[in-house]
Amino acid sequence: MPTTELAGFAAAADDAAAAGSLRPRRSRSGALARAGLGVALPLAFALAWEGAARTGLITTFLMPPPSAVVTHIAQLFATGEIWDHLSATLSRMSLGFGFGVAAGTLLGALVGYLPIAHRLLDPSVQALRNIPSIAWVPLFILWLGIFETSKVTLIAVGVFFPVYMSLAQGFASVDRKLVEVGRVWRLSAFAMVWRILLPATLPTYIIGLRGGLGLGWMFVVAAELMGASEGLGYLMVDGQMTGRPAAIIASLVLFAVLGKASDLLLVTATRPLVAWQDGFRR
Amino acid sequence: MNAPLLRLDRAAKRFGNGRLALADVSLDVEPGEIVALVGASGSGKSTLLRLLAGLEAPTAGRALFRNVAIEGPRPEIGVIFQEPRLLPWLAVADNVGFGLAALPAAERGRRVERALDRVGLAAYARALPRELSGGMAQRVAIARALVGQPEVLLLDEPFSALDAFTRTDLQDHILDLWREDRPTLVLVTHDLDEALALADRVVLLAGPPGRIFAERTVGLARPRERTSSAFQEEKRQLLSTLQAARSGRTYDPEVLEVP
């Protein structure tokens, strides 16, 4: 029953859109034009850089032109070398993200719902949050070894805090009047969280997830820079050791693409869940 | 004599900040009766209603339903708030059926459909709350309260945020619904016309701290014509009673004189 209701969000939103809300639907060409505007700046920058490199305005030894970076990326794909690194990074990232989200959601919901849990746990969590997560690395390596476990744990720690914060704070700001509707219908504590607090907090929660994802990418790099034999971060270290700036920049570009793509995926997947919002701009 | 359906027995409510919202209030409501609670803001009328709804507990005295203490919201007692309070992420039909999660889907669907039909919004079952006007949203809230088939409906200034036209419309609508299965209605309002259009009995509150200082049985036959001279005369008397309360004079609740 609760699952059908969650699925109902999306259905209701779709129906509502089909029924014709007052907002005009954006045309496909309009969407393309807007995406085009988004890439205009990086494209112009790349062209300028390329031009400067070709005319000898900058030395290409330390600052390789975009064409060299593109060639390097193409090579990585052509030799198939990239797939091992990509899958290593992506699997670390997804595991860490998964664990971080699960822990952040459970603890955040608990602390957000129960005042006693808030008083008991929140001060400690806030204190831990103030430790720069990278500072955990030596300890994690001692405890968990230098292989996957310590890396995944580090990423999970990074993801945990924004997700936790979004629920622990988000529940508190849910309209008391809606909570009262749940009381009138005598909802259990679980139903109150699942059917009122969580849906009402969903927009904030999604921002928490996105923040967690961003930090997750940050820590996957950190983890891989600290010592790994594969992964995009390893490619960077390798590029540094062998003095190939194009390899480093290629990894940077791949990180940017992956980060943006994962965020886009998250936003697209969750958009139907928050289509009910009557906000300023959507 | 049988116990009344609802009873407040010397009930008082003091909030955590020390403010006494309601002092020593006793009130009986009989089955099928329509009672209007009228008073200026600060007279404790909403607090009184929240005691009956089980949303607040009295700090002294008792609130009873069928002679049993009201210890929290009860299925027999429905509440309609000043705002529609629809869950913005649920379509209209899911809002109406929100409290029926325990029922099988088919039965729930039937009840929701019937409730929406009764408020004339069957066509909007799949719409989202943000697509509704204020009056429509409040009708959905009425449907949501009706769908549980409560014996008592508590209404906390339910139409005060609506324009005058929509307001009288919904007042008539509530009366139509009442004529069908005669739920007991307790209505908080600051609108004398609304009280006189709906209620069998008007209870006047003053405060703070809130207390009942007069009651008046409305001697108008139904259906009531808001523009009739009898209606206007009734209103004039009610108004002067209210003004007397503000100037501190007291009236015998049984005999309300007309100054």
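Residue numbers (our numbering), protein chains in the order written: chain Y, 636 to 917; chain P, 360 to 618.
C-beta: ideal position from N, C-alpha, C; glycine also.
- Between leucine 407(P) and leucine 381(P), the CB-CB gap stays under 8 Å.
- In this structure, the beta-carbon distance from leucine 475(P) to alanine 484(P) falls below 8 Å.
- Under DSSP, lysine 372(P) takes part in a beta bridge, and its partners are Leu381(P).
- Between glycine 566(P) and glycine 401(P), the C-beta spacing is below 8 Å.
- Looking from the CA of glycine 569(P), the closest CA among Val397(P), Leu445(P), Leu546(P) and Arg469(P) belongs to Val397(P).
- Rounded to the nearest angstrom, the Cβ distance from isoleucine 831(Y) to glycine 817(Y) is 5 Å, consistent with a contact under 8 Å.
- Residue contact with chain Y for arginine 470(P): absent (no Cβ-Cβ distance below 8 Å to any residue of chain Y).
- Here the C-alpha atom of methionine 800(Y) lies approximately 48 Å from the C-alpha atom of leucine 563(P).
- The three-state secondary structure of isoleucine 429(P), taken from DSSP, is coil.
- When DSSP assignments are scanned along the region 691-749 of chain Y, no uninterrupted stretch of beta strand (DSSP E) that is 3 or more residues long falls wholly within it.
- Valine 562(P) carries a strand assignment under DSSP once its states are collapsed to helix, strand and coil.
- Each of Gln761(Y), Tyr748(Y) and Ala752(Y) was checked against the Cα of phenylalanine 825(Y), and the nearest Cα belongs to Tyr748(Y).
- By the rule that beta-carbons nearer than 8 Å mark a contact, arginine 581(P) does not touch chain Y.
- In the DSSP assignment, glycine 420(P) falls within the beta strand (DSSP E) that extends over 419-424.
- Around glycine 874(Y), the same chain offers Ala882 and Ile883 as residues with beta carbons nearer than 6 Å, after the five sequence neighbours per side are excluded.
- The C-beta separation of leucine 555(P) from glutamate 593(P) comes to about 6 Å, placing the pair in contact by the 8 Å criterion.
- Annotated as distal: isoleucine 790(Y) and glycine 739(Y), with beta-carbon spacing of 8 Å or more.
- Using a Cβ-Cβ distance cut-off of 8 Å, the region 766-781 of chain Y and the region 706-719 of chain Y are not in contact, since fewer than three pairs of beta carbons, one from each stretch, lie closer than that value.
- Arginine 570(P): member of the beta strand (DSSP E) spanning 570-576, first to last residue.
- In the structure shown, the three-state DSSP call for valine 506(P) is coil.
- Unbroken alpha helix (DSSP H) runs of no fewer than 4 residues, entirely contained in the region 833-874 of chain Y, are found at 833-861, following chain order.
- Inter-residue distance for leucine 414(P) and glycine 849(Y) is about 43 Å (C-alpha atoms, whole angstroms).
- Residues of the region 868-879 of chain Y whose Cβ lies closer than 9 Å to any Cβ of chain P: none.
- Listed in chain order, the non-local C-beta contacts of glutamine 912(Y) below 8 Å within the same chain comprise Pro838, local neighbours out to five positions each way being set aside.
- A distance below 7 Å between beta-carbons, with the five flanking residues on each side excluded, links lysine 812(Y) to no residue of its chain.
- Going by C-alpha positions, glycine 894(Y) is about 53 Å away from arginine 526(P).
- When rounded, the separation of the alpha-carbon atoms in valine 819(Y) and arginine 409(P) is 11 Å.
- In the structure shown, the three-state DSSP call for valine 828(Y) is helix.
- The beta carbon of aspartate 528(P) sits closer than 8 Å to those of Gly494, all from its chain and outside the five residues before and after it, given in chain order.
- Using beta-carbon distances, glutamate 442(P) counts as an interface residue toward chain Y, with a partner under 8 Å.
- Ranking His549(P), Ile533(P), Asp550(P) and Glu584(P) by CA distance to the CA of proline 542(P) puts Ile533(P) first.
- Burial is judged here by how many other beta carbons sit within 10 angstroms of a residue's own beta carbon; aspartate 719(Y) has fewer than 16 and is exposed.
- Within the same chain, Cβ atoms closer than 7 Å to the Cβ of glutamine 441(P) are found at Asp515, Glu516, Pro517, Ser519 and Ala520, the five residues on either side in sequence being excluded.
- Of all residues in the region 800-817 of chain Y, the ones placed with a Cβ closer than 7 Å to any Cβ belonging to chain P are Lys812, Leu813, Glu815 and Val816, in chain order.
- A check of alpha carbon separations from asparagine 426(P) across Asp453(P), Gln596(P), Arg366(P) and Glu553(P) identifies Arg366(P) as the nearest.
- The three-state reading of DSSP puts threonine 548(P) in strand, counting E and B together.
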